[in-house]
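Okay, structure first, notes after.
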């Protein structure tokens, strides 16, 4: 529109200085925001457009007659007079500051005026409205057609408060106020015109209008008992809180309900001519009486003058409009008459030549919509006429003369389109009336879009920008990804920043909860957008969309943000990459509750680490690594090892900090954990050690890439492939050393030189490797010696770490650098065996970690022999020195978990079975129990059972007793009947042979073994062997003379019966063995521990009840005494008092002593 050529700020200039100019007799429009003003001079702040002559401005508005254009022309006239004044008022200064967006300066100016007691209403109103400082969300099409810029007058209150005319956004804190206020004066008049002429035509609904109507509709549904509809409506508008009117975002009270609005909708709307905009001014009490009287007279005079001026302008425009309409009709008649004189060839209608240039040149250029960038199929009819009165399709559509200067001129350079004309003599009026029966509609928004066809790429983009926001909500959610290319293409090429912002907002909100495939599509489109537009627009347009959804309630949307930050990282400015994006991801990592979101955050952070080049961000990256390692989710921890640590290590390698800072920092934290006063935190130890393990591939790549032989690498010729088992399997491609160094060919060439250097040339001058040998390994071995050997987790973690370290650095490095350092500390040579009595290092975790982490790296014969010899020496040394066997047990447990080492361990134990020392044989017997679980029955039958029977045939009772746990484990894990019978016979000999009757230790070991294996053993073995012998032992303990032995046996019997009470026990066994055994045990407990006696009495009572119930009727299910006692008060009372007594025989014995 022509009004788009006028500076939209001219209006506010005329309004701001209305009072001052009125004193000089200037005809101006009434200002909506009159403030206190003084004399003014030439305004140095006004742009040149404000000083245009009034005649020019009036002429520029002729093609678009509207009140706003008149206001602009009058304002320009007033500005011309104002230039001659001599002083600038404070209100003019304030208006200029706000207009040019010097917001901070305006705020400071407002503060100084307040301090001096001269508050300015304009500034007060501006800073009291929060909508002036919120993000703008878009410009309605009506504002764009008028060419309004990003400014506008201050917030004004209209005089009509019905829903029909209320401009909700004008009172809102929302960003739409910017565009809505630009059409404040013509808003009501245009709406009334539309309702009177085309009631079905409405301008697009504004966001705040939609939210207000949603609130009222939901309120109506609830009040009228449409609850299901209200729930569905609320779900479809999940971005709105229907409980609070304030959530709508309007600075007005809640309007009446829909029923009241409906009842009042028939009342006629007041004429815009009777509407007066209300301004905010100085309190009347602050002014003198004379001033108020003069002011009211002056305002009345001004209003009269403005009305007269406007009426005069309207009359001029109406005359001009009528003359142009007559001229258009005359031209159309001439065109029709000229065409009737032309007879087209009958056979070649498409080759019709262009009309004579005289006819086209005689037609003056007509106003075109959108600056001539559209072909309007409605023709050149008058704007007020309905579209059905368009000119016939015989019109020649010619190219605008000014389009040759457009950037897309080649698309517009096609020839004139000429249609075949019938040889008829119908009058134009009749022809037009006939065609009016063709049903066409261009009154609606969609009809307007359909009726004009884009003529170049820019026009297409403008059309798509207008249409897509209306298309997207009507597409099925499952198919909305099909719109992604269209949205992105439009967002890339659209000339308007606000439209681009709206389209990208639609893209990120396209799908309510996008799945993996949909998110991948959106991310692919974002990357394509970033490649097309460059880093500046990515920062300005895409990043704000991510920031808006960082706290979205749906995790899928937050996941999209996290993934987008990583995908866009290569296309962002580096300072934004290392500051804003890094901070966004850090916030999400620390605050987001969804595991999948934090996992995506870690992966995006890894990408940031791959592109960051600010050394100052190293500490922040290290803290992010520690924070992620401590995450409770396995998904996040897995992502940190697979992606983040390799990327972070690559950056630290470039900085030279891998060996000097990163690895030493982790080692220092491990040592601090070992020195903790409250015991070792195994979780944190695992966290730091796993990070060290993930750093082994980067460390090895540093070693081989900084070696003395790197200059000799030759990739020409045949390079042997790398053995498949040369390196441990990497957790991700980023931990593959071939990926780190560049290629498998390069790695193969480096490995050949690496092995040769270690074997023949040594490590002189090889600083990176010397750091590993002289600093890293000694520190790790020292740490290993300080961890708790009884902690299976710690031993396993360090064992895996050393295994990966040795496998990565190779066999030559392991044999020449790692093993010597361990052997020097352990000192296991033959001549030192007797002198090593009480050697402390053999009882620590160094032994199992060296055996399972270093000696098992390679599985050739010499390696296996070395492992067997080491374990035999340790077993012998510890046995002969009466040292704790924890380190040896840890070695057997760790190795026994892998069936590959079962044969090897049995070889070691056979060495102990046939050893001359009873101490060594006892140790060997106890080690059998640790490796039987998971061992094949064939191997147990062939090698274990004979070894145990051999040990039982020896003269030492201690050796025989040591085999009982192993026999019990066989009964628990083996199903082969023959083997079970052999074991049963051996245990029976222990219980029935008279030579064992006084062996208190043997009875204790058997009862303990029965309690451990009884619940899991074969039922027949439990029923026929375990329960009867426990009954006998309990009966015999009643006559035990030695009180200490009686206490020990009673303790073990109580634990055994407690464990067996959860098993199915037949009625016969219950009556003959289980209950009598419990009664014997209760006899002991009555004298030694009344607390235990209460539990035993309850167990006996429950057992007797079960037997009675079975006698009365068929009992269903199993008899589970333990289950029936769970809710018993007696047991609860006992457990609360006894605590650990059932698991600690020593403590129970102490209690018995106190009861004497």
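Residue numbers (the working numbering): -11 to 1144. All C-beta atoms in this analysis are idealised placements derived from N, C-alpha and C, irrespective of residue type, glycine included. On a predicted model such as this, the values are computed, not experimentally measured, just so you know.
Exposed or buried, residue i, counting other C-beta atoms within 10 Å across all chains shown (16 or more means buried)?
i            : result
residue 119  : buried
residue 534  : buried
residue 958  : buried
residue 1002 : buried
residue 834  : buried
residue 197  : buried
residue 902  : exposed
residue 935  : buried
residue 1052 : exposed
residue 829  : exposed
residue 300  : exposed
residue 1010 : buried
residue 848  : exposed
residue 838  : buried
residue 567  : exposed
Report the three-state DSSP secondary structure of residue i (helix, strand or coil).
i            : result
residue 78   : helix
residue 966  : helix
residue 985  : coil
residue 754  : coil
residue 848  : coil
residue 1195 : It is not possible to answer for residue 1195, since the shown part of the chain is limited to -11 through 1144.
residue 493  : helix
residue 716  : coil
residue 737  : helix
residue 336  : Confidence at residue 336 is low in this model, with a pLDDT of 42, below 50, so its placement is unreliable and no value can be given for it.
residue 1029 : coil
residue 799  : helix
residue 583  : helix
Using a Cβ-Cβ cut-off of 8 Å (strictly less than) and excluding sequence neighbours within five positions of residue i, which residues of its own chain qualify?
i            : result
residue 1071 : 1026
residue 1081 : 1070, 1073, 1074
residue 1024 : none
residue 576  : 538, 546, 549, 550, 585, 586, 589
residue 921  : 884, 957, 961
residue 787  : 836, 837, 840, 841, 882
If you draw a straight line from the alpha carbon of residue i to that of residue j, how long is it in whole angstroms?
i            : j            : result
residue 905  : residue 1091 : 49 Å
residue 889  : residue 883  : 6 Å
residue 1035 : residue 762  : 56 Å
residue 509  : residue 550  : 15 Å
residue 708  : residue 635  : 29 Å
residue 98   : residue 593  : 45 Å
residue 695  : residue 729  : 13 Å
residue 756  : residue 518  : 41 Å
residue 294  : residue 227  : 46 Å
residue 876  : residue 911  : 9 Å
residue 646  : residue 499  : 43 Å
residue 1064 : residue 1029 : 21 Å
residue 620  : residue 212  : 49 Å
residue 662  : residue 775  : 7 Å
residue 305  : residue 316  : 16 Å
residue 690  : residue 641  : 7 Å
residue 84   : residue 109  : 15 Å
residue 668  : residue 543  : 36 Å
residue 1057 : residue 917  : 30 Å
residue 749  : residue 798  : 16 Å
By Cβ distance, which residues of its chain are closer than 6 Å to residue i, with the 5 residues on each side in sequence left out?
i           : result
residue 996 : 1040
residue 795 : 716, 845
Between residue i and the rest of its own chain, which residues show a CB-CB distance below 7 Å, the 5 nearest in sequence each way excluded?
i            : result
residue 1061 : 1015, 1016, 1019
residue 558  : 599
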